[in-house]
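Novice:
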Amino acid sequence: MNCIEEIVSRISTLQYVSKDSVRIILNDYDISPKCTEIVMTNSDKRQKAIQMFMVTKKVEGCTENTIHYYLGTLRRFFNEINQHLEEITADQIRYYLAIRSTRDKLSKTSQDNELRVLKSFFKWCSGEEYISRNPTENIKAVKKEKRIKRPFSETELELIREKAGNKRDRAIVEVLYSTGVRVSELCGMDINDIANDEIIVFGKGEKERTVYLNARAKIAISEYLKTRTDSETALFVGKRTKKRLNKGGVECMIRELGKKAGVPNCHPHRFRRTAGTIALNRGMPLEQVQQMLGHEDIATTTIYARSEERNVKASHGKYVV
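Adding 643 to a residue's 1-based position in the sequence shown gives its number in my numbering.
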């Protein structure tokens with residue numbers, strides 16, 4: 644018999660039920676009101692933390708693509724390490740990265756990118772007092788292989804131009820090289836963003852900047868726009884859909900051009916690297932290249948300032964005699 648039934652039974656035996664008689668019986672028991680508040684479970688707490696972290700990133704100006712990447716990374720992590728926020732340890736995070744490396748063949752760069760997301764999330768959780776300690780505080784960045792990412796040579800650039808079989812693809816190649824824009828920035832361009840030899844683009848964090856068209860790019864865009872009969876505002880559209888061209892469409896097209904031209908590792912970002920490298924090699928000041936490429940940190944721009952082997956060889960022949 645539980646306490647409630649016992650109390651009811653004792654009261655029911657009383658010949659006369661009064662407040663005093665009930666108090667005498669209840670005096671033998673510890674009674675407190677039943678708690679009806681909704682208690683947040685650890686799972687709810689974790690979900691709320693993730694949700695509010697995404698809101699914070701949105702307010703800070705992160706793009707939808709960045710927020711999507713952050714969310715995907717956190718979901719993968721918690722699916723693998725199904726622990727409460729407060730119980731996550733540095734060793735579990737290291738274990739997760741090791742699993743991703745071996746099982747999913749994740750590169751060192753991708754591992755470091757995921758670690759940066761986790762560091763950002765747990766630092767935020769600590770600052771917002773979702774957790775009392777930051778488990779990533781003593782985890783060092785993943786040491787990446789230092790490989791020289793080469794730009795296109797002038798010959799490779801000409802081969803790619805030659806294989807651009809239609810006016811749209813030729814215009815895309817010329818704009819990528821002339822402006823050094825990211826592929827997402829290229830896809831976001833509108834026809835009305837062009838003013839003579841200038842185009843307004845929106846980079847990371849929705850930051851606006853102006854990029855410039857050389858003579859080849861201006862002519863290529865003009866020739867391409869003459870072929871357009873649609874009413875789409877986007878500068879570049881799909882051949883069939885006549886809707887704004889997306890990132891995947893540009894990447895696929897550039898890869899195919901590379902295959903036709905016999906140029907390996909052909910992708911849109913390599914045009915950006917080529918524009919930055921050639922600009923620096925021809926004497927454009929580092930700060931101006933930084934502005935052209937939309938780099939927040941000038942240290943990123945200095946990557947393009949590394950001398951090519953052929954330049955070192957030429958200088959050696961000139962100076963070391």
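Cβ atoms here follow ideal geometry from the backbone N, Cα and C, with glycine treated the same way.
Measuring straight from C-alpha to C-alpha, what distance separates Ser983 and Lys688?
Specialist: Given that the chain is displayed from residue 644 to residue 964, the structure contains no residue 983 and the question cannot be resolved.
Novice: If you follow the alpha helix (DSSP H) that Arg737 is part of, which residue opens it and which one closes it?
Specialist: 733-746
Novice: At the level of alpha carbons, what is the spacing between Leu856 and Glu841?
Specialist: Rounded to the nearest angstrom, the two C-alpha atoms are 6 Å apart.
Novice: Between which two residues does the beta strand (DSSP E) harbouring Tyr855 extend?
Specialist: Here the beta strand (DSSP E) through Tyr855 covers 851-855.
Novice: Taking buried to mean at least 16 other C-beta atoms within 10 Å of its own C-beta, is Gln690 buried or exposed?
Specialist: exposed
Novice: Quick check on the DSSP output: the alpha helix (DSSP H) that includes Glu729 runs from which residue to which?
Specialist: Glu729 -> no alpha helix (DSSP H), and no H or E assigned at all.
Novice: Could you give the distance in angstroms between the alpha-carbon of Ile710 and the alpha-carbon of Lys701?
Specialist: 7 Å
Novice: So, for Ile681: in the same chain, excluding its five sequence neighbours on each side, which residues have a beta-carbon less than 6 Å away from its beta-carbon?
Specialist: Because the pLDDT of Ile681 is 39, which lies under 50, any placement of that residue in the model is unreliable, and the question is left without a value.
Novice: Please report the residue range of the alpha helix (DSSP H) in which Phe914 lies.
Specialist: 911-924
Novice: Report yes or no: do the stretch 775-784 and the stretch 869-888 share at least 3 C-beta pairs separated by less than 8 Å?
Specialist: no
Novice: Cys909: buried (16+ other C-beta within 10 angstroms of its C-beta) or exposed?
Specialist: buried
Novice: Between Lys890, Asp940, Ser763, which lies nearest to Glu828 when the distance is taken from Cα to Cα?
Specialist: The candidate whose alpha carbon is nearest that of Glu828 is Lys890.
Novice: From Thr656 to Asp671, what distance separates their C-alpha atoms?
Specialist: Straight through space, the alpha carbons of Asp671 and Thr656 are spaced by roughly 16 Å.
Novice: What residue range is occupied by the uninterrupted alpha helix (DSSP H) comprising Phe764?
Specialist: Segment 751-770, the alpha helix (DSSP H) holding Phe764.
Novice: Could you have a look at Phe845 and say whether DSSP puts it in helix, strand or coil?
Specialist: Correct three-state label for Phe845: strand.
Novice: Taking only the alpha-carbon atoms, compute the straight-line gap between Val906 and Ala784 and give it to the nearest angstrom.
Specialist: 33 Å
Novice: Can you list, in chain order, the residues of its chain whose CB lies under 6 Å from that of Pro947, leaving out five sequence neighbours each side?
Specialist: Pro is not the amino acid found at residue 947; the sequence shown has Tyr there. So the qualifying residues of the chain are Gly919, Thr920, Leu923.
Novice: Which of the three DSSP states, helix, strand or coil, is assigned to Arg887?
Specialist: strand
Novice: By Cβ distance below 8 Å, which residues in the same chain neighbour Glu805 in space, the five residues on each side in sequence not counted?
Specialist: Ala904
Novice: Please state the DSSP three-state secondary structure of Val893.
Specialist: Correct three-state label for Val893: helix.
Novice: Flag this pair as yes or no: are the beta carbons of Ala877 and Tyr820 separated by less than 9 Å?
Specialist: Cβ atoms of Ala877 and Tyr820: not closer than 9 Å.
Novice: Any idea if Gln726 is buried or exposed, counting beta-carbon neighbours within 10 angstroms, 16 or more meaning buried?
Specialist: exposed
Novice: Can you tell me where the alpha helix (DSSP H) holding Asn713 begins and where it ends?
Specialist: A quick correction: the sequence has Tyr, not Asn, at residue 713. In this chain, the alpha helix (DSSP H) harbouring Tyr713 covers 707-723.
Novice: Cα separation between Glu799 and Ala807?
Specialist: Computed Cα separation, rounded: 13 Å.
Novice: When DSSP labels each residue in this structure, what does Cys678 get in the three-state scheme?
Specialist: Note that Cys678 has pLDDT 46, beneath the 50 cutoff, so the model's placement of it is unreliable and the number below is only indicative. In the structure shown, Cys678 sits in coil (DSSP, three-state: anything other than H, G, I, E or B).
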